[in-house]
Amino acid sequence: MPDLPMTFHSNNHDQRPIFGKKTSNVLNLAKCMTENLYMPEKNNDSSHSVVLMKGDTQWRFAWKDGEETVAVKAITDIAKSTENDFDWFDAAMVCHEMTKITAKAA
463 MPDLPMTFHS NNHDQRPIFG KKTSNVLNLA KCMTENLYMP EKNNDSSHSV
513 VLMKGDTQWR FAWKDGEETV AVKAITDIAK STENDFDWFD AAMVCHEMTK
563 ITAKAA
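Quick look at the structure:
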């Protein structure tokens, strides 16, 4: 019989049961293993970025976890400046996207 996804056949009686004789520890979370057990720890040094396209100008803001306050300060300083066309609405949009990315990464 070919192996097809979602196929069930019970002709093989040599298979071991899912649980052994001691089933009292089945719900003991300290002894349960998950598929993430051997996965590496989350990288706390991950970097994120937001790109804002405004006309022919591209603004790219990059930050690492824990540097969100520094990034918002830099965005605020750019919005305060009269030397560019990056305004407060642009700053709000970038900060909103930063919040979504940071919340998703947490």
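Residue numbering for the sequence shown follows the numbering used here, starting at 463 and increasing by one per position. Virtual Cβ for every residue (Gly too), placed ideally from N, Cα, C.
Distance between beta carbons of A541 and D552, contact taken as under 8 angstroms: 7 angstroms
In chain order, each alpha helix (DSSP H) run of at least 4 residues that lies wholly inside the segment 506-550: 530-542
When the Cα atoms are used, what is the spatial distance from G517 to S509? 26 angstroms
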